[in-house]
Amino acid sequence: RRFIWSVLIAFLPAAVVGVLAHDFIKTVLFESPLLIAVMLVLGGAVLIWVDRLPLVALRDDAMRLPLGMALKIGLIQCLAMVPGVSRSGATIVGAMLLGASKRAAAEFSFFLSMPTMAGAFAYDLYKNRDVLDGAALGEIMIGFVVAFVAALIVVRGLLGFVSRHGYAVFGWWRIILGTAALVAIAFGY
Numbered sequence: 059r060r061f062i063w064s065v066l067i068a069f070l071p072a073a074v075v076g077v078l079a080h081d082f083i084k085t086v087l088f089e090s091p092l093l094i095a096v097m098l099v100l101g102g103a104v105l106i107w108v109d110r111l112p113l114v115a116l117r118d119d120a121m122r123l124p125l126g127m128a129l130k131i132g133l134i135q136c137l138a139m140v141p142g143v144s145r146s147g148a149t150i151v152g153a154m155l156l157g158a159s160k161r162a163a164a165e166f167s168f169f170l171s172m173p174t175m176a177g178a179f180a181y182d183l184y185k186n187r188d189v190l191d192g193a194a195l196g197e198i199m200i201g202f203v204v205a206f207v208a209a210l211i212v213v214r215g216l217l218g219f220v221s222r223h224g225y226a227v228f229g230w231w232r233i234i235l236g237t238a239a240l241v242a243i244a245f246g247y
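Per my numbering, residue 59 is the first one in the sequence shown, and the count goes up by one each step.
Here it is in structure tokens:
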């Protein structure tokens, strides 16, 4: 029961900021490929940096994170509203800096993704209700369900990988992808 409260409290900041800033995010921030590319590189650098820090994990159980810590993780999650900032990356890094173990940070981030993604999905549907027809809605629902099931399947392997190898590999991947995007932008693609 406490865990459910932790996840809901962590979800609240994103719900509030998402509703208030939705139009700005969609019409201004998502229109900047340069912003996305830069955030990919910066996010990668942060993942590598945090992975190398000698952090002491004070919390090893995602089910028992204090409510205050959950709220702080939720506030950090709002950074992911900037395109190119990884929601899971932001919440995992934030949780680790607040004292969660790599595994607890990844688990909490995964569970926090459920209300966050469902809320964003529902709000986007609501905001775009005038342009959606029944067929498109069905396809969108199928895509959402498939993505959710795939995430459930992948998360276990991901948690094991992270426990053994850390997050640096994801950081390097983001840097490579962001750099490729910056090169493409520089050459007019």
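The beta carbon of each residue, even a glycine, is placed where N, CA and C say it ideally should be.
A158 versus C136, I131, V86, W231, residue with shortest Cα-Cα distance: Residue 158 sits at position 100 when you count from the first residue of the sequence shown. Among C136, I131, V86, W231, the Cα nearest to that of A158 belongs to I131.
Beta-carbon proximity list for A178, same chain, < 7 Å, skipping 5 on both sides: Looking up residue 178 in the sequence shown gives position 120. The beta carbon of A178 is closer than 7 Å to those of G76 in its chain, skipping five residues each way along the sequence.
CB contact flag (L129, F166, <8 Å): In the sequence shown, residue 129 corresponds to position 71, counting from 1. In the sequence shown, residue 166 corresponds to position 108, counting from 1. No, the Cβ-Cβ distance between L129 and F166 is not below 8 Å.
Same chain, Cβ closer than 6 Å to L133, neighbours up to 5 away in sequence not counted: Translated into positions along the sequence shown, residue 133 becomes position 75. For L133, where only same-chain residues beyond five positions count, the Cβ hits under 6 Å are P71.
Same chain, Cβ closer than 6 Å to L235, neighbours up to 5 away in sequence not counted: Indexing the sequence shown from 1 puts residue 235 at position 177. Same-chain partners within the cutoff: L98.
Reduced DSSP secondary structure (H/G/I, E/B, other) of A115: Counting from 1 along the sequence shown, the entry for residue 115 is found at position 57. Correct three-state label for A115: coil.
Sequence-distant residues of the same chain with beta carbon closer than 8 Å to A226, five excluded per side: Indexing the sequence shown from 1 puts residue 226 at position 168. Exclusion of the five residues before and after A226 leaves L105, I106, D109, R110 as the residues of its chain whose Cβ lies within less than 8 Å of its Cβ.
Chain-order list of residues whose beta-carbon lies under 8 Å from that of V220 (same chain, five-residue window excluded): Here residue 220 corresponds to residue number 162 of the sequence shown, with the count starting at 1. Sequence-distant partners of V220 (beyond 5 residues in either direction) whose C-beta falls short of 8 Å from its own C-beta, in its chain, are K160, R161, A164.
Distance, I67 Cα to T149 Cα: What you label residue 149 is simply residue 91 of the sequence shown in a count that begins at 1. What you label residue 67 is simply residue 9 of the sequence shown in a count that begins at 1. Counting only the Cα atoms, I67 lies some 14 Å from T149.
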